[in-house]
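In what follows, a single structure is set out as structure tokens and then discussed.
Residue numbers (this note's numbering): 296 to 641.
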């Protein structure tokens with residue numbers, strides 16, 4: 296089944312244009328195989344596990360329309376396009392009712408001589424996606440703001456310098472008018488339809504801002520911390536429950552936050568156990584790289600991260616429900632664990 300994926304933005308370059316051509320969605324798996332000598336088929340060591348996904352490329356042809364742009368701004372717009380397509384960043388797309396992003400590096404950029412019109416700029420871009428996967432957008436860390444190409448270009452700090460003036464103080468500067476503070480109303484959770492329902496030229500710009508999300512949502516809702524599993528400290532000795540993964544493939548990208556003290560904290564997820572040895576004041580933060588933060592900013596030595604025999608480092612979260620058991624060994628204070636999970640697709 297062919298899936299339609301609409302590309303909408305790269306870095307700060309909104310595709311205020313027509314996508315005249317884009318590659319089909321293609322996924323390559325990293326599978327090691329060796330043919331059997333005396334029987335049919337291949338030996339594939341990964342046949343009982345999920346294979347890794349290889350890096351991939353995406354080719355996009357875009358046609359930018361300059362008709363609505365003032366003549367004195369057109370050269371600035373072209374400079375902006377080239378600037379944004381000359382550096383790595385996030386490539387955004389819409390597929391069904393999902394807003395996705397992927398780390399992308401422009402491999403090549405060209406301006407074909409075919410089909411040239413006076414008021415258009417056609418570009419062919421080949422993007423390299425080193426991860427090979429797409430991330431489903433976090434609805435609290437992703438913001439959607441109104442976008443008007445003419446107003447946006449007036450905000451860019453581009454200049455046409457006077458060749459007769461050689462002093463920096465002669466250059467007129469202006470304040471950027473596009474730096475309004477992001478608000479809760481700009482978050483994707485409130486403006487999701489502005490992205491998904493727009494089938495024509497985009498009229499919104501996507502911003503990914505963790506600091507703004509922390510400023511806005513901390514204190515408003517514990518949902519900013521992630522999916523929550525709690526216990527009654529007077530009745531339960533452990534925190535147990537399930538967390539849900541919306542992605543389509545397993546992920547090892549996560550952050551776990553325990554909102555209280557603990558001692559020799561034992562964490563078991565989907566049958567795999569890791570232990571944080573020693574005493575902790577909390578909150579305790581563990582991420583997929585093995586970093587452990589106790590309290591506000593005290594980084595704990597990795598030597599205190601213990602992996603029991605028969606277990607592996609870190610955790611894998613699978614699509615759907617995942618079982619969680621946390622033994623804080625603290626009777627009366629730690630109540631909740633929060634899970635921030637990177638939902639992946641291809």
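Beta carbons: idealized from backbone N, C-alpha and C, even for Gly. Please read all numbers here as calculations on a predicted model, not as lab measurements.
Return helix, strand or coil for residue i, following the three-state DSSP convention.
{"i": "residue 579", "result": "strand"}
{"i": "residue 619", "result": "strand"}
{"i": "residue 527", "result": "coil"}
{"i": "residue 639", "result": "strand"}
{"i": "residue 630", "result": "coil"}
{"i": "residue 377", "result": "helix"}
{"i": "residue 398", "result": "strand"}
{"i": "residue 495", "result": "Caution applies to residue 495, whose pLDDT of 49 falls short of 50 and renders its modelled position unreliable; the value that the coordinates give is listed next. Reduced to three states, the DSSP call for residue 495 is coil."}
{"i": "residue 305", "result": "strand"}
{"i": "residue 367", "result": "helix"}
{"i": "residue 300", "result": "coil"}
{"i": "residue 504", "result": "coil"}
{"i": "residue 444", "result": "helix"}
{"i": "residue 512", "result": "helix"}
{"i": "residue 433", "result": "coil"}
{"i": "residue 423", "result": "strand"}
{"i": "residue 451", "result": "coil"}
{"i": "residue 404", "result": "strand"}
{"i": "residue 338", "result": "strand"}
{"i": "residue 539", "result": "strand"}
Closer than 8 Å by C-beta to residue i: which residues in its own chain qualify, once you throw out the five before and the five after it? Chain order, please.
{"i": "residue 308", "result": "375, 376, 379, 380"}
{"i": "residue 299", "result": "390"}
{"i": "residue 679", "result": "Because the chain is modelled from 296 through 641, residue 679 falls outside the range shown and cannot be assessed."}
Taking the alpha carbon of residue i as the point to measure from, which residue in the options has its own alpha carbon closest?
{"i": "residue 530", "options": "521, 606, 626", "result": "626"}
{"i": "residue 403", "options": "614, 336, 353, 390", "result": "353"}
{"i": "residue 551", "options": "510, 609, 597", "result": "609"}
{"i": "residue 624", "options": "504, 532, 335", "result": "532"}
{"i": "residue 547", "options": "581, 526, 523", "result": "581"}
{"i": "residue 447", "options": "423, 559, 363, 479", "result": "363"}
{"i": "residue 393", "options": "543, 573, 367, 478", "result": "543"}
{"i": "residue 602", "options": "614, 356, 571", "result": "571"}
{"i": "residue 637", "options": "630, 434, 498, 440", "result": "434"}
{"i": "residue 558", "options": "539, 522, 599", "result": "599"}
{"i": "residue 438", "options": "349, 335, 575, 499", "result": "499"}
{"i": "residue 592", "options": "578, 359, 421", "result": "578"}
{"i": "residue 507", "options": "594, 476, 406, 368", "result": "476"}
{"i": "residue 441", "options": "451, 596, 595, 480", "result": "480"}
{"i": "residue 584", "options": "595, 590, 576", "result": "595"}
{"i": "residue 406", "options": "612, 373, 400, 382", "result": "373"}
{"i": "residue 383", "options": "398, 369, 361", "result": "398"}
{"i": "residue 522", "options": "635, 371, 338", "result": "635"}
{"i": "residue 478", "options": "540, 511, 360", "result": "511"}
{"i": "residue 615", "options": "639, 604, 605, 630", "result": "639"}
For residue i, is the classification buried or exposed, using 16 other Cβ atoms within 10 angstroms of its Cβ as the cut-off for buried?
{"i": "residue 483", "result": "buried"}
{"i": "residue 365", "result": "exposed"}
{"i": "residue 429", "result": "buried"}
{"i": "residue 396", "result": "buried"}
{"i": "residue 414", "result": "exposed"}
{"i": "residue 304", "result": "buried"}
{"i": "residue 537", "result": "exposed"}
{"i": "residue 333", "result": "exposed"}
{"i": "residue 617", "result": "buried"}
{"i": "residue 587", "result": "buried"}
{"i": "residue 556", "result": "buried"}
{"i": "residue 513", "result": "exposed"}
{"i": "residue 340", "result": "exposed"}
{"i": "residue 417", "result": "buried"}
{"i": "residue 425", "result": "exposed"}
{"i": "residue 444", "result": "buried"}
{"i": "residue 589", "result": "buried"}
{"i": "residue 659", "result": "In the structure displayed, the chain extends from 296 to 641; residue 659 sits before or after that span and is not available."}
{"i": "residue 335", "result": "exposed"}
For residue i, which residues in the same chain have their Cβ closer than 7 Å to its Cβ, ignoring the five residues on either side in sequence?
{"i": "residue 607", "result": "567"}
{"i": "residue 496", "result": "Because residue 496 carries a pLDDT of 47, less than 50, the predicted location of this residue cannot be relied on, and the following value inherits that uncertainty. These residues qualify, in order along the chain: 311."}
{"i": "residue 505", "result": "436"}
{"i": "residue 574", "result": "558"}
{"i": "residue 597", "result": "585"}
Tell me the residue span of the beta strand (DSSP E) that contains residue i.
{"i": "residue 477", "result": "That residue, residue 477, is in no beta strand (DSSP E); it is neither H nor E in DSSP."}
{"i": "residue 359", "result": "351-360"}
{"i": "residue 584", "result": "From DSSP, residue 584 is part of no beta strand (DSSP E); its letter is neither H nor E."}
{"i": "residue 592", "result": "Residue 592 -> no beta strand (DSSP E), and no H or E assigned at all."}
{"i": "residue 550", "result": "549-553"}
{"i": "residue 602", "result": "Where residue 602 is concerned, there is no enclosing beta strand (DSSP E), given that its DSSP letter is neither H nor E."}
{"i": "residue 331", "result": "Taken as a continuous stretch (DSSP letters only), residue 331 belongs to no beta strand (DSSP E), as it is neither H nor E."}
{"i": "residue 385", "result": "384-390"}
{"i": "residue 563", "result": "557-564"}
Looking only at its chain, what residues have a beta carbon closer than 6 Å to the beta carbon of residue i, apart from the 5 residues adjacent to it on each side?
{"i": "residue 387", "result": "303, 304, 396, 501"}
{"i": "residue 564", "result": "610, 619"}
{"i": "residue 534", "result": "524, 526, 621, 632"}
Are there any heavy atoms of the ligand GDP lying less than 7 Å away from the beta-carbon of residue i, as far as the coordinates show?
{"i": "residue 482", "result": "Among the ligands in the structure shown, none appear at all, so the ligand GDP cannot be discussed."}
Starting from residue i, follow the alpha helix (DSSP H) in both directions and report where the run begins and ends.
{"i": "residue 438", "result": "Run containing residue 438: none in the alpha helix (DSSP H); it sits in the beta strand (DSSP E), 437-441."}
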